[in-house]
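K.L.:
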Amino acid sequence: MAKIALVTGGSSGIGAATCRLLAQRGWSVAVHYRTGMDMAERLVAKIRQEGGRAVAVEADVSDRTDVLRMFETIDACLGPVSGLVNSAGIAGPRARFETLDPAGVEEVFRVNVIGTFLCSREAIRRMSTFHGGEGGAIVNLSSGLSNTGGALTPFALNCDENGRRSSQVAYAASKGAINSFTMALAQEIAADGIRVNAVSPGATFTGMADTDRMAAIADTIPIGRGADPSEIAEAIEWLLSDKASYVAGANLRVGGGRLG
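Residue numbering for the sequence shown is 1 to 260, as defined by full-length UniProt numbering.
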């Protein structure tokens, strides 16, 4: 089976770290981006410079026409995917639920949930042995917040101007949906040669978490620090690899001992 992977949200953060690692481990990589064209192209150039095979692909993952075009581009440039990492996501608003703009909530679900659905569907159509494919693996990015809703975050970091607790309700709920989707899809398509799993990162040094906030929550992490994106990438690569050949429907927490 050819090792060809699409990493959505691949131009930065955990996605970029995953692209780099997969290329080092012999995968041809499609680096997806929505707005970070320059970062995606620099990453592709770096991978190629190091002897790897990569292409940058742009798409709005919440738009089915865009997603189909993206997969057709990958088919033409690299071949049909055998690995998919659904890493594209947005944090959305951090505010009291009753004050949230429904449009902001809908945007979180369009990107984090519908985007994962649409990309998985196109990947399955290429991987499934029922459809003539050779099998493959899908890894969905969840979050520790899906388990706790942010309850372990210090109150001072999760309160509004009135001193009332606020959190990322939409983001946590969207990742809860990813957890259920992962379990259900894993059971549905295992017989088609496709393994589906999730990774739930804890606090990680990415664009979604600023340095001051990470320092403030370090004491709540048993290991005592946030994760580097490369540490999350190792878990993702393992789940894509044959070393995880009997792992399906799992949600691997990579959070330094912190549950959320």
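Don't be surprised by glycine CBs; every beta carbon is placed ideally from N, CA and C.
1. Which residues bound the beta strand (DSSP E) around ALA57?
2. For VAL108, which option in LEU100, ILE90, LEU118 and GLU58 has the closest C-alpha, if you only look at C-alpha atoms?
3. Tell me whether THR206 is buried or exposed, calling it buried when 16 or more other Cβ atoms sit within 10 Å of its Cβ.
4. Can you give me the start and stop residues for the alpha helix (DSSP H) that VAL31 sits inside?
5. Are the Cβ atoms of ALA5 and LEU252 separated by less than 8 angstroms?
6. How is ALA156 classed by DSSP in three states: helix, strand or coil?
7. Assuming PRO229 contacts ILE14 (C-beta within less than 8 angstroms), just tell me the rounded distance between them.
8. If you check the beta carbons only, do SER200 and SER142 fall under 8 angstroms apart?
9. Taking contact to mean 3 or more Cβ pairs, one atom from each stretch, closer than 8 angstroms, check whether the segment 162-175 and the segment 65-82 are in contact.
10. Output the distance between the C-alpha atoms of GLN187 and SER245, rounded to the nearest integer angstrom.
11. Buried or exposed for PHE155, please, with buried defined as at least 16 other CB atoms from any protein chain shown within 10 angstroms of its CB.
12. If we ignore side chains and look at the alpha-carbon of each, how far apart do PHE181 and TYR33 end up?
13. Buried or exposed: ARG126, going by 16 or more other Cβ atoms within 10 Å of its Cβ?
14. Does ALA215 pass the burial test, meaning 16 or more other C-beta atoms within 10 Å, or should it be called exposed?
P.N.:
Quick answer:
1. Translated into positions along the sequence shown, residue 57 becomes position 57. A small correction: the amino acid at residue 57 is Val; Ala does not occupy that position in the sequence shown. Where VAL57 is concerned, the enclosing beta strand (DSSP E) stretches over 54-58.
2. Translated into positions along the sequence shown, residue 108 becomes position 108. The residue with the shortest Cα to Cα distance from VAL108 is ILE90.
3. Here residue 206 refers to the residue found at position 206 of the sequence shown. THR206 should be labelled buried.
4. Translated into positions along the sequence shown, residue 31 becomes position 31. For VAL31, no alpha helix (DSSP H) encloses it; the enclosing beta strand (DSSP E) starts and ends at 28-33.
5. One-based indexing of the sequence shown puts residue 5 at position 5. One-based indexing of the sequence shown puts residue 252 at position 252. In this structure, ALA5 sits away from LEU252, with a CB-CB distance that is not shorter than 8 angstroms.
6. Position 156 of the sequence shown holds residue 156. Annotation note: pLDDT 48 at ALA156 (below 50); position unreliable, coordinate value reported separately. Here ALA156 sits in helix by DSSP.
7. The count along the sequence shown starts at 1 and reaches residue 229 at position 229. The count along the sequence shown starts at 1 and reaches residue 14 at position 14. Indeed they touch by this definition, with Cβ atoms about 5 angstroms apart.
8. The residue given as residue 200 occupies position 200 in the sequence shown. The residue given as residue 142 occupies position 142 in the sequence shown. With respect to the 8 angstroms criterion, SER200 and SER142 are classified as neighbours on the basis of their beta carbons.
9. Because the criterion of three Cβ pairs below 8 angstroms is not met, the segment 162-175 and the segment 65-82 do not touch.
10. Against the sequence shown, residue 187 aligns to sequence position 187. Against the sequence shown, residue 245 aligns to sequence position 245. One Cα belongs to GLN187, the other to SER245, and the distance between them is close to 15 angstroms.
11. For the purposes of this step, residue 155 is identified with residue 155 of the sequence shown, where counting begins at 1. For PHE155, the pLDDT reaches just 46, beneath the cut-off of 50, and the residue's location in the model is therefore unreliable, although a value from the coordinates is still provided. By the C-beta density criterion, PHE155 is exposed, having fewer than 16 other C-beta atoms within 10 angstroms.
12. Indexing the sequence shown from 1 puts residue 181 at position 181. Indexing the sequence shown from 1 puts residue 33 at position 33. One C-alpha to the other measures close to 23 angstroms.
13. On the sequence shown, residue 126 is found 126 positions in, with the first residue counted as 1. ARG126 should be labelled buried.
14. To locate residue 215, count along the sequence shown from 1; it is residue 215. ALA215 is exposed by the Cβ-count criterion.
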